[in-house]
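A.B. asks:
Residue numbers (this note's numbering): 249 to 344.
1. Could you give the first and the last residue of the continuous alpha helix (DSSP H) run that contains residue 331?
2. Give the single residue among 313, 314, 317 and 309 whose Cα lies nearest to the Cα of residue 332.
3. When burial is assigned at 16 or more other CB atoms within 10 Å of the CB, is residue 272 buried or exposed?
4. From the DSSP secondary-structure annotation, give me the bridge partner or partners of residue 318.
5. At the level of alpha carbons, what is the spacing between residue 256 and residue 267?
Next up, the structure:
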């Protein structure tokens with residue numbers, strides 16, 4: 249079974265950034281500078297995570313995996329990250 253993920257990253261060091269980009273090129277389609285869409289099996293996702301963990305500094309860098317579901321699914325099921333913990337920003341809306 250293949251799943252679609254949006255993988256985006258914020259890497260604090262230029263050398264690590266280049267290495268992460270090189271890894272991601274082999275796993276997905278680049279959508280923006282630091283955003284890829286990847287169709288991965290569970291095994292491929294684990295391999296990708298391992299390669300990224302070998303490169304990133306978990307205290308300074310962040311890689312977000314946003315699962316969109318099965319290849320034909322249209323629903324976002326959740327967000328998780330490697331490195332810096334992902335948290336949603338609380339936003340306040342003011343209407344004038």
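Ideal placement from N, C-alpha and C gives every residue a C-beta, glycine not left out. Note that the structure is a prediction, hence the values are computed from the model and not measured.
C.D. replies: By the coordinates alone:
1. Where residue 331 is concerned, there is no enclosing alpha helix (DSSP H), although the beta strand (DSSP E) it sits in stretches over 328-331.
2. 309
3. buried
4. 251
5. 14 Å
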